[in-house]
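Just so we're aligned, residue 19 is where the sequence shown starts under our numbering, counting upward by one. For reference, the structure is listed below as structure tokens.
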Amino acid sequence: MAMRYSFSPRKRNLISGLSVTNRLIIVNLFFYLVSLLIFKVYGEGFFLRNVALTPSLIIQGKSLWTLITSMFSHLLLFHIFANMFSLFFIGNFLERIVGRKRFFWVYIFSGLAGGLFFVTSGLIFSNNIPGVGASGAIFGLLGVLAVLVPYSRIYLIAGPLILILAEVVISPFVPVAFASTFGIIVNVLIFMMIFAIFSFNPRIRKFAVPVELRMWLLPIVAIVPLVILGYFFPLPIGNSAHIGGLVLGLVYGFYLRRKFPRKTSVIERHFR
Numbered sequence: 019m020a021m022r023y024s025f026s027p028r029k030r031n032l033i034s035g036l037s038v039t040n041r042l043i044i045v046n047l048f049f050y051l052v053s054l055l056i057f058k059v060y061g062e063g064f065f066l067r068n069v070a071l072t073p074s075l076i077i078q079g080k081s082l083w084t085l086i087t088s089m090f091s092h093l094l095l096f097h098i099f100a101n102m103f104s105l106f107f108i109g110n111f112l113e114r115i116v117g118r119k120r121f122f123w124v125y126i127f128s129g130l131a132g133g134l135f136f137v138t139s140g141l142i143f144s145n146n147i148p149g150v151g152a153s154g155a156i157f158g159l160l161g162v163l164a165v166l167v168p169y170s171r172i173y174l175i176a177g178p179l180i181l182i183l184a185e186v187v188i189s190p191f192v193p194v195a196f197a198s199t200f201g202i203i204v205n206v207l208i209f210m211m212i213f214a215i216f217s218f219n220p221r222i223r224k225f226a227v228p229v230e231l232r233m234w235l236l237p238i239v240a241i242v243p244l245v246i247l248g249y250f251f252p253l254p255i256g257n258s259a260h261i262g263g264l265v266l267g268l269v270y271g272f273y274l275r276r277k278f279p280r281k282t283s284v285i286e287r288h289f290r
């Protein structure tokens, strides 16, 4: 007797069709809005105790959950935009290489490592400035890529970095009103540069000052100038969190190379 089977395709909703990277971006954007609401409704003190990562509280064994909440929270529009812009390109690239599960956990553990480095740095240098942001997790992704595909070509949008460095150097030596106006101009120019990179016109793309780098060099270029400047000027940037995330990413990248030598060498050759 012949039997007929009918198969109906699995229904996929909008969320299930997204990459883990894009889901993380949605979560970060949601937390950004929630962070703004918490800050406005409950005040700065509540936000610092319950959302932001404050070194002194962690050292006392308090507010330990902020190791997680801080890595999904942002307060400044430019901060969330820059981080999610980076996560979209770096994350989707790495996720295709290592798979969804590995990608998700390296993101989480890189963020945690960044938070622990941030707390340790606060303890060593007696610095109790709170921090928020996904930068530690993103630098962890960069670390994995730097090991797995070190010779892959990538473009660093150098224009925004140059402007940020100029703002940091100039602001302490000019009147507050001028520094504030200059900061607004810098932010506008940075947004213009980021959108310019997507232009089909090569002349417009040059406005963003794209610089071609090998993947292994990108974390160095992204961290070292800010670390050096941090010794001379107060920066609103958690360099220690960046370093912590990067270290974990490098360690995990070398672990993958050792465990899967054939697969990782094929991947490296493919992206040369």
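We put the CB at the ideal spot given by N, CA and C, even for glycine. Predicted model only: the values in this text are computed from it and were never measured.
Our contact map puts PHE136 next to ALA259 with C-beta atoms below 8 angstroms; I'd like the distance itself, whole angstroms only. Yes, they are in contact, since the Cβ atoms of PHE136 and ALA259 sit about 4 angstroms apart, within 8 angstroms.
Starting from the C-beta of THR87, find all residues in its chain whose C-beta is less than 6 angstroms away, skip the five residues before and the five after it, and write them out in chain order. These residues qualify, in order along the chain: VAL69.
Roughly how far, in whole angstroms, is the beta-carbon of MET89 from the beta-carbon of LEU163, given that I think they are within contact range, below 8 angstroms? Actually they do not touch by this definition, with Cβ atoms about 19 angstroms apart.
State the beta-bridge partners of GLY132 as determined by DSSP. Note: GLY132 sits in no beta bridge, so no partner.
Select from GLY117, ILE246 and LEU130 the residue whose C-alpha is nearest the C-alpha of TRP83. Looking at the Cα atoms, LEU130 is the closest of the given residues.
Helix, strand or coil, according to DSSP, for ILE175 in the structure here? Residue state, collapsed to three classes: strand.
Residue span of the alpha helix (DSSP H) that contains LEU247, given as start and end: Here the alpha helix (DSSP H) through LEU247 covers 236-248.
Work out the CA separation of LYS277 and ILE14 for me, nearest whole Å. With the chain covering 19 to 290 only, the question about residue 14 has no answer from this structure.
Suppose you measure from the CA of SER81 to the CA of ARG290; what does that come to, to the nearest Å? Between the alpha carbons of SER81 and ARG290 lies a distance of about 45 angstroms.
Specify whether the stretch 92-102 and the stretch 266-275 touch according to this definition: at least 3 beta carbon pairs, one from each stretch, less than 8 angstroms apart. The stretch 92-102, when compared against the stretch 266-275, does not touch it at the 8 angstroms Cβ threshold.
Within the stretch 81-111, ranges of the beta strand (DSSP E) (whole runs, at least 3 residues): The qualifying runs do not exist here; there are none.
Quick one, are the C-beta atoms of ILE261 and VAL284 less than 9 angstroms apart? Cβ distance not < 9 angstroms, so ILE261 and VAL284 don't count as in contact.
Pairwise C-alpha distance: THR138 and PHE250: Take the alpha-carbon of PHE250 and the one of THR138: they are about 21 angstroms apart.
Since GLY263 and GLY132 are thought to touch, with beta carbons under 8 angstroms apart, how far apart are those beta carbons, to the nearest angstrom? So it is a contact: roughly 4 angstroms between Cβ atoms.
Are at least three pairs of beta-carbons, each pair with one atom in the stretch 164-183 and one in the stretch 218-236, less than 8 angstroms apart? Flag = yes, the stretch 164-183 and the stretch 218-236 touch.
Same chain only: Cβ atoms within 7 angstroms of MET211, ignoring 5 sequence neighbours per side: Cβ neighbours of MET211 beyond the five flanking positions: ILE175, GLY177, PRO178, PHE225 and ALA226.
Just to confirm my understanding: we take SER53, look at its own chain, exclude 5 residues before and 5 after, and list those with CB closer than 8 angstroms. What are they? Closer than 8 angstroms at Cβ, skipping near neighbours: PHE65, VAL69, SER91, HIS92, LEU93 and VAL150.
Count the other C-beta atoms from every protein chain shown that fall within 10 angstroms of the C-beta of LEU274, then say buried if there are 16 or more, exposed otherwise. Buried, because 16 or more other Cβ atoms sit within 10 Å of the Cβ of LEU274.
Reference ILE43, options ILE147, ILE156, GLU185 and GLU286, closest by Cα: Taking ILE43 as reference, the option from ILE147, ILE156, GLU185 and GLU286 with the minimal CA-CA separation is ILE156.
Residues that DSSP places opposite GLY149 in a beta bridge: Beta bridge pairing from DSSP links GLY149 with LEU71.
Are the CB atoms of LEU112 and PHE121 nearer to each other than 9 angstroms? In this structure, PHE121 lies closer than 9 angstroms to LEU112 by Cβ.
Please report the residue range of the beta strand (DSSP E) in which ARG290 lies. Secondary structure note for ARG290: it is in no beta strand (DSSP E), with a DSSP letter that is neither H nor E.
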